[in-house]
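S.K.: Read in my numbering, the sequence shown has 148 at position 166, and its numbers run on one by one without any break.
The structure's right below; bear with me while I get my questions together.
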Amino acid sequence: TTESNETEPPVIELTDVSFGYTSMPVVEDVSVSIDAGEYVAVVGPNGSGKSTLMQLLLGLLDPDSGTAQLFGVDATAFDDGARVGYVAQGAGTSREMPITVREVVKMGRFPHVGFGRLSAADWRIVDRAIDTVGMSAFADRRITQLSGGQRQRAFIARALAGEADLLVLDEPTVGVDTESVDAFYGLLESLHDDGITVLLIEHDLQAVTEHAKRVICLNREIYFDGPSAEFTDSAALARAFGTGARSLTGGNS
Ligand code: ADP
């Protein structure tokens, strides 16, 4: 909402961040800066620190050393939760909440209305968010009756209803049927086109190189950070995932 981009701090800025659950660091000396509007994927083998990194940049964990900033503010002190839409790992597989899509998306307005009732304008924002993710036909369907991909869309709509300008997704296509994965990435692309900053953890290297614009490959330290097209041919891919990994990204069609 600022006129000039030049004065805007990066959306995410990690400087020399190290963190360990024990004395062993699982994230070491990581520096990353992500600007508004970027579309970035974090990849790395199991246990390479991806989820930990996400929690550090969201301020859910405090670095042992270094600094983590969100929108120019210390991440652990950041309190404008509505700006950040976080779709947790397994959001698409949860069967716990027997509530409708519209009720899930409505929750996105809570940071704006407190415990107050939603106004007609709030409900319009809710319905627009549901429409944006292509779920209007399912708005009154219970979340438990949906496919993994549809549930994932509902949780993205919740973030959009909160008017988040940063969307963080942890392995969003887990539990999404393969036919829906392309449509899911189509949705992320259109949100990226609308100027939303998209950051995701993804295990599917082929999807990452096809869709995200920038790849950060993490294996405790950063092995690669650059345009996704360059990642496919980088030594970092084999270094992080082993030599078999090259085939994961496919013979490019
Ligand atoms: P990834 O998301 O890449 O699979 P994680 O960030 O989940 O990696 O884990 C990185 C390392 O930290 C792993 O060795 C994991 O076992 C360890 N770890 C993750 N969470 C915890 C925790 N809450 N307590 C102790 N160790 C953890």
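Beta carbons: idealized from backbone N, C-alpha and C, even for Gly.
Check whether the stretch 9 to 28 and the stretch 79 to 92 are in contact - that is, three or more C-beta pairs closer than 8 Å.
M.R.: Touching, no.
S.K.: Using a Cβ-Cβ cutoff of less than 7 Å, which residues in the same chain neighbour ALA70 once the five nearest sequence positions on both sides are dropped?
M.R.: Locating residue 70 in the sequence shown gives position 88, where the first residue counts as 1. Contacts found: ASP152.
S.K.: In the DSSP assignment, find the beta strand (DSSP E) that holds ALA50 and state where it starts and stops.
M.R.: For this step, residue 50 is matched to residue 68 along the sequence shown. Per DSSP, ALA50 belongs to the beta strand (DSSP E) from 47 to 52.
S.K.: What do you reckon, are the CB atoms on VAL86 and ILE138 nearer than 7 Å?
M.R.: In the sequence shown, counting from the first residue as 1, residue 86 sits at position 104. In the sequence shown, counting from the first residue as 1, residue 138 sits at position 156. Not in contact: VAL86 and ILE138 (Cβ atoms no closer than 7 Å).
S.K.: Beta-carbon distances below 5 Å to any heavy atom of the ligand ADP define the shell here; list its residues in chain order, please.
M.R.: In chain order, the qualifying residues are TYR3, VAL8, ASN28, GLY29, SER30, GLY31, LYS32, SER33, THR34.
S.K.: Mark ASN201 as exposed unless 16 or more other C-beta atoms lie within 10 angstroms of its C-beta, in which case mark it buried.
M.R.: On the sequence shown, residue 201 is found 219 positions in, with the first residue counted as 1. Under this definition ASN201 is a buried residue.
S.K.: Does DSSP put PHE1 in a helix, in a strand, or in coil?
M.R.: Locating residue 1 in the sequence shown gives position 19, where the first residue counts as 1. PHE1 falls in the strand class under three-state DSSP.
S.K.: Report the residue ranges of all alpha helix (DSSP H) runs contained in full by the stretch 76 to 130; include only those spanning at least 4 residues, in chain order.
M.R.: Counting only runs of 4 or more, we get 83 to 88, 92 to 95, 102 to 114.
S.K.: Check for me: the alpha helix (DSSP H) holding ALA218 runs from which residue to which?
M.R.: In the sequence shown, counting from the first residue as 1, residue 218 sits at position 236. Where ALA218 is concerned, the enclosing alpha helix (DSSP H) stretches over 217 to 223.
S.K.: On the DSSP bridge assignment, give the partners of GLU(-5) in chain order.
M.R.: What you label residue -5 is simply residue 13 of the sequence shown in a count that begins at 1. For GLU(-5), which the question treats as bridged, DSSP gives the partners SER15, GLN51.
S.K.: What residue range does the beta strand (DSSP E) around PHE213 cover?
M.R.: For the purposes of this step, residue 213 is taken as the residue at position 231 of the sequence shown. Element bounds for PHE213: not the beta strand (DSSP E) but the alpha helix (DSSP H), 210 to 213.
S.K.: Short of 8 Å in beta carbon distance, which residues of its chain neighbour GLY67, apart from the five on each side in sequence? Order them along the chain.
M.R.: As a position in the sequence shown, residue 67 is number 85, starting the count at 1. Excluding sequence neighbours, GLY67 sits near GLY90, ILE138, ARG140, ALA141, LEU142, GLY144, ALA146, LEU148, LEU149, VAL150.
S.K.: Between VAL163, ALA218, ASP215, ARG221, which lies nearest to HIS193 when the distance is taken from Cα to Cα?
M.R.: In the sequence shown, the residue the question calls residue 193 occupies position 211. HIS193 has its Cα closest to that of VAL163, out of VAL163, ALA218, ASP215, ARG221.
S.K.: Pick from PRO93, GLY2, LYS195, VAL156: whose alpha carbon is nearest that of SER30?
M.R.: The count along the sequence shown starts at 1 and reaches residue 30 at position 48. Comparing Cα-Cα distances from SER30 to each of PRO93, GLY2, LYS195, VAL156, the minimum goes to GLY2.
S.K.: Quick check: the Cα distance between ASP122 and ARG84, rounded to an integer number of angstroms?
M.R.: The residue labelled residue 122 in the question sits at position 140 within the sequence shown. The residue labelled residue 84 in the question sits at position 102 within the sequence shown. Taking the straight line joining both Cα atoms gives about 6 Å.
S.K.: May I ask you to report which of helix, strand or coil DSSP gives ASP56?
M.R.: As a working mapping, residue 56 is identified with position 74 in the sequence shown. ASP56: strand per DSSP, three-state reduction.
S.K.: Pick out whichever of GLY168, SER0, GLY26, LEU(-4) has its Cα sitting closest to the Cα of ASP186.
M.R.: As a position in the sequence shown, residue 186 is number 204, starting the count at 1. Nearest of GLY168, SER0, GLY26, LEU(-4) to ASP186, Cα basis: GLY26.
S.K.: Indicate the three-state DSSP secondary structure (helix, strand or coil) for GLU153 in the structure shown.
M.R.: Your numbering for residue 153 matches position 171 in the sequence shown. The answer is coil: DSSP assigns GLU153 none of H, G, I, E or B.
S.K.: May I ask you to check if the CB of ARG65 is nearer than 6 Å to at least one heavy atom of the ligand NAP?
M.R.: Absent from the structure shown: the ligand NAP. Ligands present: the ligand ADP.
S.K.: Rounded C-beta distance between SER216 and PHE206? I'm assuming under 8 Å.
M.R.: For this step, residue 216 is matched to residue 234 along the sequence shown. For this step, residue 206 is matched to residue 224 along the sequence shown. That belief holds up - the Cβ atoms of SER216 and PHE206 are roughly 5 Å apart, short of 8 Å.
S.K.: Under three-state DSSP, which class holds GLY41?
M.R.: Working through the sequence shown from its first residue, we reach residue 41 at position 59. Of the three classes helix, strand and coil, the one that applies to GLY41 here is coil, per DSSP.
S.K.: What separation, rounded to the nearest whole angstrom, lies between the Cα atoms of ILE183 and VAL190?
M.R.: Indexing the sequence shown from 1 puts residue 183 at position 201. Indexing the sequence shown from 1 puts residue 190 at position 208. If I take the Cα positions, the gap works out to 9 Å.
S.K.: In the DSSP assignment, find the unbroken beta strand (DSSP E) run with GLY177 in it and report its ends.
M.R.: By 1-based counting over the sequence shown, the position of residue 177 is 195. Looking at the DSSP string, GLY177 is not in any beta strand (DSSP E), and its letter there is neither H nor E.
S.K.: Please return the same chain residues whose Cβ sits closer than 7 Å to the Cβ of SER0, not counting the five positions on each side in sequence.
M.R.: Here residue 0 refers to the residue found at position 18 when the sequence shown is read from its first residue. Cβ neighbours of SER0 beyond the five flanking positions: PRO7, VAL9, GLU10, ASP11, PRO45, ASP46, SER47, GLY48.
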